[in-house]
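> What the sequence shown shows, in our numbering, is residues 7 to 407, in sequence order.
One structure coming up, written as structure tokens, with questions to follow.
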Amino acid sequence: MAEFSYRARDRQGKVIRGTVQAADEQRATVLLQSKGLSPLELKSAVKKSLLNRTVFGGSVGKRDLVLFSRQMASMIRAGVPILEAVRTFRKQISKSGFVSLLDDIAYDIEGGESLSNALAKYPSTFSLFYLGVVKTGEASGRLSEALETLATYVERNYIFNRKVRSALTYPVFVLTAVIIVVVVMFSFVVPQLIVLFEAAQVPLPLPTRILVAVTSFGGSYWYVILIIVVALGLLARQYLRTPEGQYAVSTWALHIPIVSQLFRKVYLARLTSILHTLFASDVPVIEALRIARASTVNRVYQRILDETATAVKNGAAISTIWEHEVYIPPILTTMVGVGERSGEIQEAFREAQGFFQRDVEEMLDTITVFLEPILVILLAIGVGIISAAVLLPIYNLVLVL
Numbered sequence: 007m008a009e010f011s012y013r014a015r016d017r018q019g020k021v022i023r024g025t026v027q028a029a030d031e032q033r034a035t036v037l038l039q040s041k042g043l044s045p046l047e048l049k050s051a052v053k054k055s056l057l058n059r060t061v062f063g064g065s066v067g068k069r070d071l072v073l074f075s076r077q078m079a080s081m082i083r084a085g086v087p088i089l090e091a092v093r094t095f096r097k098q099i100s101k102s103g104f105v106s107l108l109d110d111i112a113y114d115i116e117g118g119e120s121l122s123n124a125l126a127k128y129p130s131t132f133s134l135f136y137l138g139v140v141k142t143g144e145a146s147g148r149l150s151e152a153l154e155t156l157a158t159y160v161e162r163n164y165i166f167n168r169k170v171r172s173a174l175t176y177p178v179f180v181l182t183a184v185i186i187v188v189v190v191m192f193s194f195v196v197p198q199l200i201v202l203f204e205a206a207q208v209p210l211p212l213p214t215r216i217l218v219a220v221t222s223f224g225g226s227y228w229y230v231i232l233i234i235v236v237a238l239g240l241l242a243r244q245y246l247r248t249p250e251g252q253y254a255v256s257t258w259a260l261h262i263p264i265v266s267q268l269f270r271k272v273y274l275a276r277l278t279s280i281l282h283t284l285f286a287s288d289v290p291v292i293e294a295l296r297i298a299r300a301s302t303v304n305r306v307y308q309r310i311l312d313e314t315a316t317a318v319k320n321g322a323a324i325s326t327i328w329e330h331e332v333y334i335p336p337i338l339t340t341m342v343g344v345g346e347r348s349g350e351i352q353e354a355f356r357e358a359q360g361f362f363q364r365d366v367e368e369m370l371d372t373i374t375v376f377l378e379p380i381l382v383i384l385l386a387i388g389v390g391i392i393s394a395a396v397l398l399p400i401y402n403l404v405l406v407l
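So this is what it looks like as structure tokens:
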């Protein structure tokens, strides 16, 4: 949505100023009129600062999406018309960005659009997956059930992602702290000590000579290092924009020592969760595979889903295709095969989703338990080496004196 600043006259004749978010200028005018304002001036506004957008503008987050889906499901199930349900939910929201979005959605529905078509105009908020489930719910007359299913999925996915991020926060924090300490040591502390050692003409032990050489090289040729780093970064960025580069990185992520199994299971947990939700909402198999493909970030699994959709279109079973894929574990293939034969494929994916999510949580707990002491040991070794390189010459200097 675009943001427009306006000057308008209210019902009391008072001229007021403000901003409104809408798809275009015409809708912005309609929104102002619906609020009892007569626009005097309307123009595109300068973008808000990051702080203002985040704290006051209020982008639509996962929790907002859960609340929207669940309350819409409850109201529709109770027989409330969709337009009235949207307007009722809008009254409970304080985030200006979400309020404007809901105003726009209500405007579209009032103009004859379906809920799915109204939501489709905001792809950054409502994904292809979300829209697919809503559209199927509309076609089957089970919109409230579809929205309830979406609320459960979004909430479960939000909690799962938060657990993954939480488990990775400590290692990232420790590594960042180490990098900062090393940069400070090499930039400020070590150069001062080098001057002291050279003035005293103290014989330097090997660790100190290495430290001096690294510091001197970095100080003399920092611009060369900077150019190399920037060039490599630009080359890597350019490579990652190509399909080959993206596929190579996706493949590499599935083979990284120690954490590759975690990455695979995270992808599989999300994939099975998406497919369970789609099949439970009666989305056709080909359409479900297409939506799942669009909702998957790893190129390897995108390729698998593309090939699966093509094979299913030609009459093959999902399990038959997956049993030849090295990135699909046998347990998932078996579960899906049983679900296909029993006609309960959505239950098969529900069980698989629970299995992989539990597996990921257990692996995260295990990795966190082992990673903390390993990081502490590595940090101690690094600090010990630097300390030895600094303290040994000082000890020699004391002996000389």
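Glycine is no exception: its CB is placed at the ideal position from the N, C-alpha and C atoms.
Bear in mind the structure is a predicted one, so any value in this text is a computation, not a measurement.
#1: Do the segment 317-330 and the segment 384-403 meet, that is, are 3 or more Cβ pairs less than 8 Å apart?
#2: Which first and last residues belong to the alpha helix (DSSP H) in which GLY24 is found?
#3: What is the rounded straight-line gap between the Cα of ILE310 and the Cα of SER301?
#4: Alpha carbon to alpha carbon, how far is MET369 from VAL36?
#5: Return yes when the Cβ of ILE337 is within less than 9 Å of the Cβ of ALA358, no when it is not.
#6: Looking only at its chain, what residues have a beta carbon closer than 7 Å to the beta carbon of MET191, apart from the 5 residues adjacent to it on each side?
#7: State buried or exposed for LEU281, treating a residue as buried only when at least 16 other CB atoms are found within 10 Å of its CB.
#8: Roughly how many angstroms lie between the CA atoms of ILE111 and VAL272, to the nearest whole one?
#9: For GLU47, report the span of its beta strand (DSSP E) as first-last.
#10: Please look up how many angstroms separate the CB atoms of LEU381 and VAL180, rounded, as I've assumed it's under 8 Å.
#11: When you compare each of LEU240, TRP258, VAL265, SER222 to LEU377 by their alpha carbons, which one comes out closest?
#12: In the structure shown, what three-state DSSP assignment does PHE74 receive?
#13: Quick one: does ALA294 have its CB under 9 Å from some CB of chain D?
#14: State the DSSP-derived secondary structure class of TYR229, mapped to helix, strand or coil.
#15: Can the beta-carbon of ARG276 be found less than 9 Å from the beta-carbon of ASN123?
#16: In this structure, does DSSP put ALA14 in helix, strand or coil?
#17: So, under 8 Å CB-CB, GLN363 and PHE166 are touching, yes? Tell me the CB distance rounded to an integer number of Å.
According to the structure data:
#1: Judged by Cβ distances under 8 Å, the segment 317-330 makes no contact with the segment 384-403, as fewer than three pairs qualify.
#2: If you look at GLY24, you'll find it isn't in any alpha helix (DSSP H); it sits in the beta strand (DSSP E) that goes 21-28.
#3: So the two alpha carbons sit approximately 13 Å from each other.
#4: Straight across, the Cα-Cα distance linking MET369 with VAL36 is about 53 Å.
#5: Yes, these two residues count as a Cβ contact at 9 Å.
#6: Around MET191: ILE392.
#7: With 16 or more Cβ atoms within 10 Å of its Cβ, LEU281 is classed as buried.
#8: C-alpha separation (whole angstroms): 34 Å.
#9: 44-50 is the extent of the beta strand (DSSP E) around GLU47.
#10: So it is a contact: roughly 5 Å between Cβ atoms.
#11: Shortest Cα-Cα distance from LEU377 to any of LEU240, TRP258, VAL265, SER222 involves VAL265.
#12: Correct three-state label for PHE74: helix.
#13: The chain labelled as chain D is not found in the depicted structure, where only one protein chain is given.
#14: TYR229 falls in the helix class under three-state DSSP.
#15: No, they are not a contact pair.
#16: For ALA14, the three-state secondary structure derived from DSSP is strand.
#17: About 6 Å separates the two Cβ atoms, so the contact holds.
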